[in-house]
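Asker: Structure in structure tokens, see below.
2 protein chains.
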Amino acid sequence: MSAGHTAVTTELFSDPSEDCGVRDVLDRLGDKWSVQVLVELSRGVRRFRELQRAIPGDISQRMLTLTVRRLERDGMVRRTVHATVPPQVDYELTELGRSLAGLIRTMSDWSAEHHEAIVEFRRDWDAAHPDAEIR
Amino acid sequence: MSAGHTAVTTELFSDPSEDCGVRDVLDRLGDKWSVQVLVELSRGVRRFRELQRAIPGDISQRMLTLTVRRLERDGMVRRTVHATVPPQVDYELTELGRSLAGLIRTMSDWSAEHHEAIVEFRRDWDAAHPDAEIR
DNA sequence: CCGCATCCTGGGCGATACTG
DNA sequence: CAGTATCGCCCAGGATGCGG
Numbered sequence: 003m004s005a006g007h008t009a010v011t012t013e014l015f016s017d018p019s020e021d022c023g024v025r026d027v028l029d030r031l032g033d034k035w036s037v038q039v040l041v042e043l044s045r046g047v048r049r050f051r052e053l054q055r056a057i058p059g060d061i062s063q064r065m066l067t068l069t070v071r072r073l074e075r076d077g078m079v080r081r082t083v084h085a086t087v088p089p090q091v092d093y094e095l096t097e098l099g100r101s102l103a104g105l106i107r108t109m110s111d112w113s114a115e116h117h118e119a120i121v122e123f124r125r126d127w128d129a130a131h132p133d134a135e136i137r
Numbered sequence: 003m004s005a006g007h008t009a010v011t012t013e014l015f016s017d018p019s020e021d022c023g024v025r026d027v028l029d030r031l032g033d034k035w036s037v038q039v040l041v042e043l044s045r046g047v048r049r050f051r052e053l054q055r056a057i058p059g060d061i062s063q064r065m066l067t068l069t070v071r072r073l074e075r076d077g078m079v080r081r082t083v084h085a086t087v088p089p090q091v092d093y094e095l096t097e098l099g100r101s102l103a104g105l106i107r108t109m110s111d112w113s114a115e116h117h118e119a120i121v122e123f124r125r126d127w128d129a130a131h132p133d134a135e136i137r
């Protein structure tokens, strides 16, 4: 993010069949919990239950496990198991994960700036299309 | 909070219960076709069939309609119906849509820069976890 | 405390057929 | 051409219960 050498892609996607891997990133970021987990971990190291309690919206154990496992597989999160009783597992962002958190921050800023406009557009559209199943 | 950790993070989301509307954006960008539609429209005005043919992956009429309708509702796309026979409908990005395309560009650049690392992490993880159903 | 196994439901998505 | 209508599949994700 900080390095200033990125002049590879002139067009958005030079090859239509090649999406540079944005899909991989969006498939992760697009799911229900990954962003919240990344945001919470950007605040510091967290244990499993800490994560679960900190995340708004009542994430189930199953989904937290899946989410954090996939993030680990993608190299965004490091998982550390302490051989204690009872067991303790710490989660923290990797360098790559912090970089992704930076991207999320960028997206968050964009959203904050345009969210109101979006909501307004939606309201107008819904008013102009009384019965639509678009949701 | 953990001490000794670099405080680069300026609080991603000040209020945990407030996600600034990133969810709205990610719910759209996270679906299967929106990004590709936005990218194609960032190249210029397109008609319905043009869009369908230009997008790789064989998008169905139904999904193209749904995708483009939702983008219109969110104020990203302007839809213009010409009263001709046969009917002709043009789609183009709004100012807001172009702004979003810019964000997608940012995400695309990030992905291009880190995709290889991600793929490598996945390969290593999969190797270290021979039998896992995480995918 | 930290998970995994299992069952179940809702909605995203595709295929197909029909209309103006 | 540019949609609408219907059906059916698949899978993300919730609930629950067990195990180390």
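Protein chains in written order, with the working numbering: chain A, 3 to 137; chain B, 3 to 137. Heads up, the beta-carbon is just placed ideally off N, CA and C, and yes, glycines get one too.
Would you call the stretch 57-77 of chain B and the stretch 54-68 of chain A in contact, with 3 or more CB pairs under 8 Å?
Answerer: The stretch 57-77 of chain B vs the stretch 54-68 of chain A: no contact.
Asker: Compare the beta carbon distance of Pro100 (chain A) and Ser44 (chain A) with 9 Å and say whether it is the shorter of the two.
Answerer: Correcting the residue identity first, residue 100 (chain A) is Arg in this sequence and not Pro. A contact, by the Cβ cut-off of 9 Å.
Asker: Run the CB neighbour count on Ala85 (chain B), radius 10 Å, all protein chains shown included, and call it buried at 16 or more, exposed below.
Answerer: Ala85 (chain B) should be labelled exposed.
Asker: Is the stretch 68-84 of chain A touching the stretch 105-119 of chain A, taking contact as three or more C-beta pairs under 8 Å?
Answerer: Counting Cβ pairs under 8 Å, fewer than three are found: no touch.
Asker: Does DSSP put Thr67 (chain B) in a helix, in a strand, or in coil?
Answerer: Helix, per DSSP.
Asker: Determine the contact status of Arg124 (chain A) and Asp76 (chain B), defining contact as a CB-CB distance below 9 Å.
Answerer: In this structure, Asp76 (chain B) lies closer than 9 Å to Arg124 (chain A) by Cβ.
Asker: Given this structure, state the Cα-to-Cα distance separating Ala114 (chain B) from Gly23 (chain A), to the nearest angstrom.
Answerer: Going by the C-alpha atoms only, they are around 7 Å apart.
Asker: Out of A:Val70, A:Met78, A:Met109, which one is the CA nearest neighbour of Ile120 (chain B)?
Answerer: Cα-wise, what sits closest to Ile120 (chain B) is A:Met78.
Asker: How many angstroms separate the CA atom of Gly6 (chain B) from the CA atom of Val47 (chain A)?
Answerer: The pLDDT assigned to Gly6 (chain B) is 35, lower than 50, so where the model puts this residue is not dependable; a value taken from the coordinates is nonetheless given after this. Computed Cα separation, rounded: 11 Å.
Asker: Less than 9 Å between the C-beta atoms of Leu73 (chain A) and Val41 (chain A), yes or no?
Answerer: No. Outside cutoff.
Asker: Is Gly46 (chain B) close to chain A, meaning its C-beta is less than 9 Å from at least one C-beta of that chain?
Answerer: Taking Cβ atoms only, chain A never reaches closer than 9 Å to Gly46 (chain B), which makes this a no.
Asker: What does the Cβ neighbour count give for His131 (chain A), buried or exposed, with the cut at 16 atoms within 10 Å?
Answerer: By the 10 Å Cβ count, His131 (chain A) comes out exposed.
Asker: Give every residue of the same chain whose Cβ lies closer than 8 Å to the Cβ of Ala96 (chain A), excluding the five residues on either side of it in the sequence, and list them in chain order.
Answerer: Residue 96 (chain A) is actually Thr in this sequence, not Ala. Cβ within range, chain order: Gly77, Met78, Val79, Arg80.
Asker: With a threshold of 9 Å between beta-carbons, can Met65 (chain A) be considered close to chain B, or not?
Answerer: By this cut-off, Met65 (chain A) is not an interface position.
Asker: At what residues does the alpha helix (DSSP H) containing Thr108 (chain B) begin and finish?
Answerer: 97-130 is the span of the alpha helix (DSSP H), which, as asked, contains Thr108 (chain B).
Asker: Give the residues of chain A in contact with Phe50 (chain B), contact being defined as C-beta atoms less than 8 Å apart.
Answerer: Near Phe50 (chain B) there are no residues of chain A at all, since even the closest Cβ is about 16 Å away, more than 8 Å.
Asker: I believe Thr31 (chain B) touches Leu28 (chain A) by the beta-carbon criterion, under 8 Å. Please report the beta-carbon distance rounded to the nearest angstrom.
Answerer: The sequence shown places Leu at residue 31 (chain B), not Thr. So it is a contact: roughly 6 Å between Cβ atoms.
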